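The working numbering puts the sequence shown at residues 3 to 394.
Note that CB positions come from ideal geometry on N, CA and C, so glycine has one too.
This one's a predicted model, so the numbers in the text were calculated from it and none came from an experiment.
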Amino acid sequence: MRLSSAASGLAEPDSSLCRECACAVAGASHLSFPSPGPLGGSEPGGTMFTSTGSSGFYKAPLSKSLLLVPSAVSLLLALLLPHCQKLFVYDLHAVKNDFQIWRLICGRIICLDLKDTFCSSLLIYNFRIFERRYGSRKFASFLLGSWVLSALFDFLLVEAMQYFLSITAASNLPSGFLAPVFALFVPFYCSIPRVQVAQILGPLSITNKTLIYILGLQLFTSGSYIWIVAISGLVSGLCYNSKMFQVHQVLCIPSWMAEFFSWTLEPIFSSSEPTSEARIGMGATLDIQRQQRMELLDRQLMFSQFAQGRRQRQQQGGMINWNRLFPPLRQRQNINYQGGRQSEPAAPPPLEVSEEQVARLMEMGFSRGDALEALRASNNDLNVATNFLLQH
3 MRLSSAASGL AEPDSSLCRE CACAVAGASH LSFPSPGPLG GSEPGGTMFT STGSSGFYKA
63 PLSKSLLLVP SAVSLLLALL LPHCQKLFVY DLHAVKNDFQ IWRLICGRII CLDLKDTFCS
123 SLLIYNFRIF ERRYGSRKFA SFLLGSWVLS ALFDFLLVEA MQYFLSITAA SNLPSGFLAP
183 VFALFVPFYC SIPRVQVAQI LGPLSITNKT LIYILGLQLF TSGSYIWIVA ISGLVSGLCY
243 NSKMFQVHQV LCIPSWMAEF FSWTLEPIFS SSEPTSEARI GMGATLDIQR QQRMELLDRQ
303 LMFSQFAQGR RQRQQQGGMI NWNRLFPPLR QRQNINYQGG RQSEPAAPPP LEVSEEQVAR
363 LMEMGFSRGD ALEALRASNN DLNVATNFLL QH
């Protein structure tokens, strides 16, 4: 695994986003949180980053290994080796009374419930943005620290339940790499900007983070005592992310171990850079990258708005007779219509045409003459003019 710091790529914009979402994304790109950054880092200015990125596991070998290896072992145990599942039971009673320390490792890595395996794998895939942003070494240090701290909190919560509520069944907790997954919700909440996608039922809204929270809630409610693991993970994530008691310096991956895993396991789990996605944010500074991203978002969202307006007009049966208002703009030669008929006179254009709208049409690839003629015939309506130019 590449256990070195690496900057994450900027998120790929979606051409189907609405204008409100674009404004929120563009505005969020200028916001920042105070340092220290998530995962125990000390990013300059604590710049926020988006919740999406390029597809695949490029620059995220550790996330890829955490998704593939435990999932494969869980399927193997469930389908072919069910008699071996008892070795991976997370039994705190056996750890405490019989000194079966190995259960702290086996029982807290491999899920025995396939539903938990599926949900945790989806969450790890979405949380790979942290490995891209801070590098595999810092990401692995956060997972290691939250994994160790959550084991301690599991013991404390189970003992508290037994002492105050006389409940001993909680000693058998859900198995799997669940606590570090819940711990990742702490930097996810603190560092990922909230972008509204849709408004539902008044104050309720759908954001870019809603699906992740729904997956976390599904995982939280999948078992009887999984809430103990979830609380332990969240508390450990808070402790590590806030640098409480300097745990980020004690529970971290040593440099020699980082080099060892980089040399041995990175060739196995590394992924090539996706070639089918547009490369953006290539400016020399963060300000240039943000400006490039805003310009690209503005262009793509403009196309989305025009396509939506076109679909609405098509559903209304077509309110404008384009052939009557416009002569073909791509062919400026005189065209003789059948039967020697002369074309109908065009509607008188307005006296002034907005140069800003002309410039925006020219940025989309249309010539100045076509832009002027379309705007005059549409009475300076940029949506109508662009709709016509895209159709002809």
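CA-CA distance, G225 to I216, rounds to 16 Å.
A distance below 7 Å between beta-carbons, with the five flanking residues on each side excluded, links L240 to the following residues of its chain, in chain order: V188.
Along the segment 73–152, the alpha helix (DSSP H) occurs as fully enclosed runs of 4 or more residues at 94–99, 105–108, 116–128 and 130–136, listed in sequence order.
No Cβ-Cβ contact shorter than 9 Å links L221 with R110. Here I208 is bridged, per DSSP, to A200. Pairing K140 with A96, the inter-Cα distance amounts to about 33 Å. Listed as beta-bridge partners of N174 by DSSP are D93. No beta strand (DSSP E) of 3 residues or more sits fully in the segment 215–279. Secondary structure at N382: coil, using DSSP grouped into helix, strand and coil. In the three-state reduction of the DSSP assignment, A62 falls in the coil class, being assigned neither a helical nor a strand state. If you look at V360, you'll find it in the alpha helix (DSSP H) that goes E357 to E365. When secondary structure is reduced to three states using DSSP, L167 falls in the coil class, being assigned neither helix nor strand.
Bounds of the alpha helix (DSSP H) holding F184 are A181 to A185.
The straight-line gap separating the alpha-carbon atoms of I202 and K211 is approximately 15 Å. Contact between F132 and I112 fails: their C-beta atoms lie close to 23 Å from each other, not under 8 Å. Of the candidates S177, C121 and I126, the residue whose Cα lies closest to the Cα of S67 is I126.
Counting other Cβ atoms within 10 Å of its Cβ, E375 reaches 16 or more and is therefore classed as buried.
The beta carbon of V75 sits closer than 6 Å to those of I112, all from its chain and outside the five residues before and after it, given in chain order.
In terms of Cα proximity to Y60, the closest of N174, P72 and R130 is R130. Contact check for S238 against A162 fails: the beta carbons are separated by 9 Å or more. Assignment of S193 by DSSP, reduced to helix, strand and coil, places it in the helix class. Ranked by Cα distance from F155, the first of S177, S65, L236 and S257 is L236.
Classified as buried, C254 has 16 or more neighbouring CB atoms from the shown chains inside 10 Å of its CB. Assigned with DSSP and collapsed to three states, E354 falls in coil, not helix or strand. Under the three-state reduction of DSSP output, S57 falls in the coil class, being neither helix nor strand.
Relative to the Cα of V199, the nearest Cα in the group A387, L213 and L377 belongs to L213. Judged by their CB atoms, I233 and L175 are not nearer to each other than the 9 Å cut-off. 9 Å or more divides the Cβ of T119 from the Cβ of S148. Under a 10 Å Cβ-count criterion, I194 is classified as buried, with 16 or more other Cβ atoms of the shown protein chains found around its own Cβ.
By the CB criterion at 9 Å, L94 and F271 fall outside the cutoff. A Cβ-Cβ separation of about 5 Å places L64 in contact with S138 under the 8 Å criterion.
Note that the C-beta distance between G58 and L114 is not below 9 Å. With fewer than 16 other Cβ atoms inside 10 Å of its own Cβ, C86 counts as exposed.
When DSSP states are grouped into helix, strand and coil, S67 belongs to the helix group.
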